[in-house]
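Have a look at the structure below before the remarks.
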Amino acid sequence: MRGRSLWTPLWGPQGPAALRLQQRGCGLQQHEQQQARVLCRQQQQQQRHEQQQQQEQHGHQYRQQQQQQLHRQQQLLRQTVARRWLVGVGCTQAAVNCSSNCSSSTSSSTRFWCSSSLRLLSTNRNGPIELDTEPNEGNSSSSSSNDSSSSSNVSSSSSSCRGLGGTCLKCQQAFEGIKIICKNCGAVLPPAYPSTGPVSAFAIFDLPASFDVNLPVLSARYKQLQQQIHPDKAADKSDEEQALCEVHQRHIAAAVKTLQNPAARAEHLLLLQGRGSPAALDDRINEREILIEVMQIHERLDSCKTRDDVDKLASAVKETVDELEAQLSAAIMLEDLTEAKALIKRLRLYFRVLERTADADFS
């Protein structure tokens, strides 16, 4: 009886051995549940990783297709423009052959088209493309003599404004067009900006008046001018030169801001060519599809939760902006004024989206 009384409390339902067995069983169950949760998390992470990889692959394929399509469009555009200009060259050369005894004014008007090399500006902004056209044998000597004069005329007309110029106040050296620093003595030249009409931003930086601007060259020339006429650099100059530097500084700041923005650059180019006005370019857009598209992008931007989401959206918008710039360059080259103005308006809307993405703050 006594042994039985001792066994009952030790191994009974409430005994310490039974309690230890129950605790072990509960611990095993908790361990198994924890392992199941870890495996579930690992599977979920793997699934998300696979989904991200698939999305990145699809996005990469889509970007490649868009780039290939844009490249084909650019090639077709260059071929079309080259054919048109070559036809013009052939017609002009024939006119020169038939009117060899005409006055010098007629020959001077055709010098540009008789040159041995036509410069076609590329839409990818990698510089001009040289398209060689061989002149006729009978006029090889005359065309070669005219090439030098034609190239100088084209470069001077693209880098300066007609009817402008002045004299250096230090060395009395005359200059033509919009110049800022005297090439003879290095002094600051008096302003020679037009009193009426727009000031050519291209002439300020000695660049050809074209939509396709070499941005590294523009940046280098801007820095060079800043080193010469910036108020901090002009402290040792005379009061008269400092006043001239202030006038030039205002025009240089406005010019570089215009040329760095593709939409403002295209509008400025049309204004210089007399083919557009601010009133015509600031009209409201009647294209409903463009407005809906931009509004949807703004809504996507409002729904972004993290900076990564904003960066992905900004990258997609930047690709669209690059395509619009290529189309705008083609429209200006082909003198399609209606299409050019419509593309300028679209670029303005997309640049506003890019400004919002840059200013987005999630802190």
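Counting in the numbering used here, the sequence shown runs from 50 upward without gaps. By construction, the Cβ of each residue, glycine as well, lies at the ideal position given by its N, Cα and C atoms. Remember, predicted model here, so these are calculated numbers, not experimental data.
Is the CB-CB distance between residue i and residue j below 8 Å?
i	j	result
A292	R397	no
L362	C353	yes
V305	I346	no
L238	I229	yes
F400	R314	no
P240	V296	yes
T406	V359	yes
V248	H300	yes
Q104	E368	no
L383	R324	no
C266	L308	The sequence given here has Val at residue 266, not Cys. For V266 and L308, no; Cβs fall outside 8 Å.
How is residue i classed by DSSP in three states: helix, strand or coil?
i	result
F400	helix
A223	strand
V359	helix
G215	strand
V366	helix
S165	The pLDDT assigned to S165 is 32, lower than 50, so where the model puts this residue is not dependable; a value taken from the coordinates is nonetheless given after this. If DSSP states are grouped into helix, strand and coil, S165 belongs with coil.
S153	Bear in mind that a pLDDT of 38 at S153, under 50, signals an unreliable position, so the number given afterwards is only what the model happens to contain. Three-state DSSP puts S153 in a helix.
V87	helix
V248	coil
H120	helix
A407	helix
I393	helix
S158	Below a pLDDT of 50, predicted positions are generally treated as unreliable, and S158, at 31, falls in that range; the measurement from the model is reported next regardless. Reduced to three states, the DSSP call for S158 is helix.
Relative to the alpha-carbon of residue i, which residue among the options has its alpha-carbon at the smallest distance?
i	options	result
L321	G214, V359, A250	A250
A252	E289, Y271, A407	Y271
L318	T369, E348, P257	P257
E225	G214, E316, L267	G214
S268	N310, C294, A236	N310
F254	H279, A302, G235	A302
K394	L350, I227, D408, V343	V343
G235	I227, R90, Q222	Q222
E316	E388, T245, R97, Y111	E388
D408	Q110, A391, Q101, L350	L350
L274	K232, D410, L119	K232
T355	D410, E348, K282	D410
G108	S364, Q93, Q82, K390	S364
A391	R337, Q95, D357, E404	R337
Between which two residues does the alpha helix (DSSP H) carrying residue i extend?
i	result
I430	Since the displayed the chain opens at 50 and closes at 412, residue 430 lies outside it and no answer follows.
R299	288-309
S268	264-278
E342	337-351
Is any heavy atom of the ligand ADP found at a distance shorter than 7 Å from the C-beta of residue i?
i	result
C89	As far as ligands go, the structure on display features none, and thus does not contain the ligand ADP.
Report yes or no: do three or more beta-carbon pairs, one from the segment 272-289 and one from the segment 367-378, lie closer than 8 Å?
Touching, no, given that fewer than three Cβ pairs across the two stretches are closer than 8 Å.
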